[in-house]
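Protein sequences appear in the order of chains S and X. Here our numbering runs 284 ahead of the position in the first sequence, where the first position is 1. Here our numbering runs 16 ahead of the position in the second sequence, where the first position is 1. We treat Cβ as the ideally placed atom computed from N, Cα and C, and that holds for glycine. So the structure is just underneath, and the comments pick up after that.
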Amino acid sequence: MSAVSVQAIVGAAPSPIEAPDVDYATISPLLIILGAAVLGVLVEAFVPRAYRFVTQIAVAVVGVVAAFVATVVVGAGLDTVDGEVTGRGGPTAMGSLSVDGPAVVTWAMLLFFGLLGVLLFAERRLDGGLSAFTSQASTPPGSADERHATRLRIEHSEVFPLAMFALGGMMFFASANDLLGMFVALEVLSLPLYLMCGLARRRRLLSQEAAMKYFLLGAFSSAFFLYGIAMVYGYAGSFGLAEISTAVSSQIGGQNLLLAGMALILVGLLFKVAAVPFHAWTPDVYQGAPTPVTAFMAAGTKAAAFVAMLRIFFVAFGGARWDWAPAVWAIAIITMLFGAIASIAQTDVKRMLAYSSIAHAGFLLVGMAGLTSGDGVTSVSAVLFYLVAYGAAAIGAFAVVTLVRDAGGETTHLGRWAGLGKESPVLAVAFTIFLLSFAGIPLTGGFISKWSVFAAAWDGGAWPLVVVGVVASALALFFYIRVVVLLFFAPPQGDGPTVAVPSPLTWSVVAITVAVTIVLGVLPGPLLDLVQQAGAFVR
Amino acid sequence: MTEYTPVLVLAAISGAFAVFSVLIAPLTGPKRYNRAKVDSYECGIEPTPQAAGGGRVPVKYFITAMLFIVFDVEIIFLYPFAVEFDLLGWFGIVEMLLFIATVFVAYVYVWRRGGLEWD
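Rendered as structure tokens:
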């Protein structure tokens, strides 16, 4: 820029900036959740200690339910948009958010997972009146300091506002319409989760190690994502997904910048969804984190990150699909096979569920690689259905893990679970239903969701992925059946597992997730209609 | 290329300043060693030995530093707004007040939970 033009800019009279036109009613679910989080921080500051835990539960539950109602109202009022593909709703808040069909469905899904998570966080009957979260993470377990804290009823209730912040970040992530907003959302959802992973009361060092690993690898992946954003900005000259899409389809500038940017953004997002080879943090974090947090994180992060990934790659990089699709194919194949094979070798229930989560990321990538749109099962609708079915079963399975205990807290070694079917038939049947759903057995939600992602991939010509997917499912089935046999037919070790008697909170989570898993398998019609009516992303 | 000349000149000056500072300090500065000086650098805590029994280490300085960062970030956003506050009109005022209110919530939390008490 020459000296003359600099002076011209400095010398010009400043013109008023046009105030952005924000439709607050449309983004009200997001505002309610973030408002509940801020209110939760104030509750921490002002409500006396004895009432704090209960008040926090009330604030979180009321916030989530109110946001869910607002989401339903917003979703019912979305206008239909007719373009190349049918969509609903559209960008709001000066194009920084896109409240379209998939975004609203994801909001409802995340709020449902959030409510189940809050119910699990609130459970205090399992550990002698104490929650799963330590009040003072720096005191050694069993020390005099800790007994003192327990006697004073010092409790950790910050986990509720933290969960609300994470939930708000997830909702923002799934609906952000520009890359900068997506990065902010990614951080808002990740930072509270890093913290929540390190709060376990039992096995505290393992939990803190998990938080550290998650933080370091998460920060690493955020850096990849940010670097990719910078390159894509250099290519397209804008952060907006619509503007990037225009730049990609008109093929301006050097393609190398675009390719490098897409690759880095893909790596950053694949870290979050735990796809191989970016999965290394998953087993350690899922095992170390307090089990209620693992449940919330497994369902919520995967849903938010997958919808954001589909939005970026379908909306912004849709014109360059033949450049990124081969990478997604390759990663889907190794993720499905690795997840299925590695879970066979696991002896710890939480690690086994973590590897199963990795395998499911592979199946979801199959749906994405199908690239189908239009009528029938689209990639977006298949992935949305899959996320609901997987999330519900994952939360339910981790809720069962919180109940199988011995003197040291949860007993997660698979060998100790032998004979659970005799000890507590109800719980063993519930866990079996979740495992069968993970395996994709008919009459469970997992079957319909696997069928829909495979159908989307088949229609899009990705039949090799479908073949590998079926092989990986068969491999995983072998393992899940082995666990079911262990639960019902193996002789118990020693005294066998002890099943703690929880409050109605955990029971209702198990009951709701079992019901959702079975209803989605027997009567998938209503949800399939909903995700298909949600249509495509609107930019 | 000419528009990048100031950038290159600035980079050269800052590089030269860094090299100059590192080279001149050992030549001109006094050399008085004590225990604190040869310790490894840690923000306000003794790096070694660990507290007895691997227990608590004081985090007073850390809490103060975190609180400073909260207000530091607030000022980063307030400053450009304050320079041209009239360009955004009432919308800008309301947004900024909301922003300050949320930062204030964090401050109230630290204050009520004893983060401002040094001992």
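- In this structure, S/Ala484 sits away from S/Ala582, with a CB-CB distance that is not shorter than 9 Å.
- For S/Leu381, the enclosing beta strand (DSSP E) starts and ends at Leu381 to Asp384.
- Look at S/Val754 here: in three-state DSSP terms it is helix.
- For S/Val661 and S/Leu814, the gap between their C-alpha atoms comes out near 12 Å.
- Judged by beta-carbon spacing, S/Val356 lies beyond the 9 Å limit of S/Ile311, meaning their Cβ atoms are not closer than that value.
- Residue-level contact check: X/Trp106 touches chain S, since one or more beta carbons of chain S fall below 9 Å from its beta carbon.
- Any Cβ of chain X closer than 9 Å to the Cβ of S/Ala514 would place that residue at the interface, and such an atom is absent.
- Residue environment for X/Met17: exposed (fewer than 16 other C-beta atoms within 10 angstroms of its C-beta).
- Distance check between S/His644 and each of S/Ala723, S/Ala600, S/Gly512 and S/Gly371 places S/Ala723 closest, using alpha-carbon atoms only.
- Residues of the stretch 299 to 332 of chain S with a C-beta atom less than 7 Å from some C-beta of chain X are Pro300, Ile301, Ala303, Val322, Val325, Leu326, Glu328, Ala329 and Phe330, listed in chain order.
- For X/Ala27, no CB of chain S lies under 9 Å from its own CB, so it is not counted at the interface with that chain.
- Restricting attention to S/Asp462, S/His563 and S/Gln535, the CA atom closest to the CA of S/Ala514 is found in S/Asp462.
- Nearest C-alpha to S/Ala507 among S/Tyr519, S/Phe555, S/Thr619 and S/Tyr670: S/Phe555.
- Annotation note: the stretch 742 to 807 of chain S contains the following uninterrupted alpha helix (DSSP H) runs of length 4 or greater, listed N- to C-terminal: 747 to 773 and 788 to 806.
- By the Cβ neighbour-count rule, S/Met620 is buried, with 16 or more other Cβ atoms within 10 Å of its own.
- For S/Glu302 and S/Ala458, the gap between their C-alpha atoms comes out near 27 Å.
- Taken through DSSP and simplified to helix, strand or coil, S/Pro726 comes out as coil.
- Under the Cβ distance rule, X/Trp134 does not count among the residues neighbouring chain S, no pair being separated by less than 9 Å.
- C-alpha of S/Lys634 to C-alpha of S/Val767: approximately 13 Å in a straight line.
- Using a Cβ distance threshold of 9 Å, S/Met652 and S/Phe715 do not count as a contacting pair.
- Rounded to the nearest angstrom, the gap between the Cα atoms of S/Ala520 and S/Pro808 is 41 Å.
- Here DSSP, grouped into helix, strand and coil, assigns S/Pro375 to strand.
- In the structure shown, the three-state DSSP call for S/Ala460 is strand.
- In the DSSP assignment, S/Arg689 falls outside any alpha helix (DSSP H) and within the unbroken beta strand (DSSP E) covering Val688 to Asp690.
- Under the Cβ distance rule, X/Arg128 counts among the residues neighbouring chain S, one pair being separated by less than 9 Å.
- Each of S/Ala799, S/Leu749, S/Arg700 and S/Val713 was checked against the Cα of S/Ala774, and the nearest Cα belongs to S/Arg700.
- Around the C-beta of S/Ala573, 16 or more other C-beta atoms lie within 10 Å, and the residue is accordingly described as buried.
- Counting the other Cβ atoms within 10 Å of the Cβ of X/Glu19 gives fewer than 16, which makes it exposed.
- Look at X/Leu24: its C-beta is not under 9 Å from any C-beta on chain S.
- For S/Ala320, the closest of S/Ala416, S/Ile625, S/Gly453 and S/Gly385 by C-alpha to C-alpha distance is S/Gly453.
- Not a single CB atom of chain S sits nearer than 9 Å to the CB of X/Val86.
- A distance below 9 Å separates the beta carbons of S/Val569 and S/Ala638.
- Taking a Cβ-Cβ cut-off of 8 Å, the neighbours of X/Ala122 in chain S comprise Val325, given in sequence order.
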